[in-house]
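All remarks here apply to the structure that follows.
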Amino acid sequence: MEIINHVEKISDEIVNALKKFISINSVNPRAGGSGEKEVAEWLESYLKTLKFDEVKRYDAPDDVVEYGFRPNVVALYKGTSPERTIWFITHMDKVPEGDLSLWDHDPFDPVVKDGKIYGRGAEDNGSSLIATLFGVKTLMDLNIKPKNNIGLVFVSDEETGSDYGIKYLLKQKIFDKNDWFYVPDSGNKDGSFIEIAEKSILWLKIVTEGKQAHASTPNVAKNAHRAAIYFAKELDEFLHEKYNAIDEMFGRTPISTFEPTKKEHNVDNINTIPGTDIMYFDCRVLPQYDLNEILNDVNKIKEKYELKFDVKIAIEVHQMEVAPKPTPAEHPMVLKLKESVESLRNVKTFVGGIGGGTCAAILRHESLPAVVWGTMDHTAHQPNEYIRIEHLIEDTKVYAHLMNNL
Ligand SMILES: [Zn+2]
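This is the structure in structure tokens:
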């Protein structure tokens, strides 16, 4: 088939483009990085050499970077008789490299080894960004125009809430309610998983205040750490017991999860009773549950332990994202993707949900249909992040095939 052969033919070009993406440090500025400006400029100038009908920048003002904005790049390839635009949304920002000593190579100097490309952003979200871009380029090279418009969107700020990325673009009213949205930002190893739903997210910070004293004199202290331990134990058991539904749509983790995660430093020495204790819960809740009901339960249990240990416990909500309604499994955009994946690969696809949260959830909140797909080994946010070249090239074929059918 012409399209497939062409992707094979340009595979070096595709690999080089991903290496270029990795080599630009576009770490999210709210995570301490320098932001997306340089990568956006590179993409914009490259897109302008291709046959797009429109290439536009939408810069969201943001003082966190000295240049004062967060770029978003939108490119349109017009169809022959469009009923809608079909958007492919990927993000330009990356998470920080983390502990450098855990990396075998410089995270921003891509290394090709054993059929893999290593570097920060290789999987998240570089591979899909490049694969969608070269999916369109394949059609352009072969002078193929699809029926509907194909839109590429490269957003900023996906890793820290999307206020300057997809949320900003939604406010610019560039999308139509009839449009479709593919968000290739998650997936599994053989590309069989099509994501149509995400869980609700609730992040809690729990601050317990007691009274600090010498460890030999608990009678004059109020041990905040002990109160927090007992409170967390009951909270953990209670939430798991009450919110115990199973929804097979969520595959390997078909339940609500309530995880005590971060614990802040308290005292430096063993012989001091801590007067303050700070810990966090990361809760990923099945869409059927009401997050406010969970918060009420948390507050009731909290009161019990305030009384029991004579301490003050403050519950701060750090993130609260109510899960939107899933994109229907029978939606034509799901079926089209299924058809492309299954006709190019020897896999049977299945639809389901994940713990969250991608740009797709934000779009679904606006009642826009959004589907997440990709082929990857799950190395995002880790040291030695990589993507298999095979996955990069095979995904490009799927996008070219899909775009040709849209
Ligand atoms: Zn991502």
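At position 138 of the sequence shown (counting the first as 1) the number is 138 in the UniProt record's numbering, and the numbers step up by one without a gap. Just so it is clear, CB atoms sit at the ideal spot from N, CA and C, and this is done for glycine as well. All values derive from a computational prediction rather than experimental measurement.
Beta-bridge partners of residue i, as assigned by DSSP
{"i": "Y164", "result": "For Y164, which the question treats as bridged, DSSP gives no partner whatsoever."}
{"i": "D277", "result": "T208"}
{"i": "G151", "result": "L76 and W87"}
{"i": "D282", "result": "W203 and E259"}
{"i": "Y118", "result": "V111 and Y386"}
{"i": "V351", "result": "I194"}
{"i": "A213", "result": "I273"}
{"i": "P61", "result": "F69"}
{"i": "F181", "result": "W87 and A370"}
{"i": "G39", "result": "A small correction: the amino acid at residue 39 is Val; Gly does not occupy that position in the sequence shown. Partner(s): none; V39 has no beta bridge."}
{"i": "K94", "result": "V27"}
{"i": "T138", "result": "Note: T138 sits in no beta bridge, so no partner."}
{"i": "I315", "result": "I206"}
Alpha-carbon spacing of residue i relative to residue j, whole angstroms
{"i": "K338", "j": "T349", "result": "6 Å"}
{"i": "L291", "j": "H331", "result": "28 Å"}
{"i": "F193", "j": "V334", "result": "11 Å"}
{"i": "V298", "j": "A400", "result": "49 Å"}
{"i": "I22", "j": "V285", "result": "34 Å"}
{"i": "M33", "j": "R70", "result": "Checking the sequence shown, residue 33 turns out to be Gly, not Met. Rounded to the nearest angstrom, the two C-alpha atoms are 12 Å apart."}
{"i": "D179", "j": "E306", "result": "51 Å"}
{"i": "N244", "j": "K300", "result": "19 Å"}
{"i": "V112", "j": "N266", "result": "44 Å"}
{"i": "H240", "j": "D282", "result": "13 Å"}
{"i": "I3", "j": "Q319", "result": "43 Å"}
{"i": "V317", "j": "I278", "result": "13 Å"}
{"i": "C359", "j": "P369", "result": "12 Å"}
{"i": "N271", "j": "Q212", "result": "11 Å"}
{"i": "I10", "j": "A17", "result": "11 Å"}
{"i": "L344", "j": "Q172", "result": "37 Å"}
{"i": "N72", "j": "L47", "result": "13 Å"}
{"i": "N181", "j": "E198", "result": "According to the sequence as given, residue 181 is Phe; it is not Asn. Answer to the nearest angstrom: the Cα atoms are 15 Å apart."}
{"i": "H391", "j": "M376", "result": "7 Å"}
{"i": "Q288", "j": "D247", "result": "9 Å"}
{"i": "V153", "j": "Y67", "result": "21 Å"}
{"i": "F52", "j": "N5", "result": "22 Å"}
{"i": "V136", "j": "D163", "result": "27 Å"}
{"i": "G251", "j": "V15", "result": "32 Å"}
{"i": "G165", "j": "S186", "result": "18 Å"}
{"i": "V322", "j": "L202", "result": "8 Å"}
{"i": "D99", "j": "H381", "result": "11 Å"}
{"i": "K19", "j": "E264", "result": "38 Å"}
{"i": "L255", "j": "R226", "result": "The question names Leu, but residue 255 is Ile in the sequence shown. Computed Cα separation, rounded: 29 Å."}
{"i": "E158", "j": "T253", "result": "23 Å"}
Same chain, Cβ closer than 7 Å to residue i, neighbours up to 5 away in sequence not counted
{"i": "T160", "result": "N28, R30 and A31"}
{"i": "K56", "result": "V74"}
{"i": "P218", "result": "I273"}
{"i": "D236", "result": "F258 and P260"}
{"i": "N25", "result": "G33, S34 and F108"}
{"i": "A224", "result": "T208, E209, G210, P274, G275, T276, D277 and V311"}
{"i": "S45", "result": "none"}
{"i": "L170", "result": "E366"}
{"i": "E36", "result": "S26, R70, P71, M92, D93 and S156"}
Own chain partners of residue i with C-beta closer than 6 Å, once the 5 adjacent residues on each side are dropped
{"i": "Y168", "result": "A60"}
{"i": "L129", "result": "T90"}
{"i": "R84", "result": "N148, N178 and D179"}
{"i": "V65", "result": "P29 and G35"}
Cβ shell of residue i (< 8 Å), same chain only, five flanking positions each side left out
{"i": "K336", "result": "L402, N405 and L406"}
{"i": "E385", "result": "P107, Y118, G119, R120, G121, A122, E123, D124 and T379"}
{"i": "W103", "result": "E97, P383 and N384"}
{"i": "E342", "result": "K348 and T349"}
{"i": "F238", "result": "D297 and I301"}
{"i": "D141", "result": "H6 and I10"}
{"i": "P110", "result": "L18, K19, I22, S23, I117, Y118, G119 and A122"}
Residue i beta carbon near ligand 1 (any heavy atom closer than 7 Å)
{"i": "H378", "result": "no"}
{"i": "N125", "result": "yes"}
{"i": "H91", "result": "yes"}
{"i": "E158", "result": "yes"}
{"i": "D109", "result": "no"}
{"i": "D185", "result": "yes"}
Taking 8 Å as the threshold, find out whether the region 91–107 comes into contact with the region 34–43 through three or more Cβ pairs.
yes
Is it true that the region 133–148 meets the region 76–89, where meeting means three or more beta-carbon pairs spaced less than 8 Å apart?
yes
Three or more beta-carbon pairs under 8 Å between the region 384–398 and the region 202–221, yes or no?
no
Touching by the beta-carbon criterion (3+ pairs, under 8 Å), the region 350–368 and the region 226–245:
no
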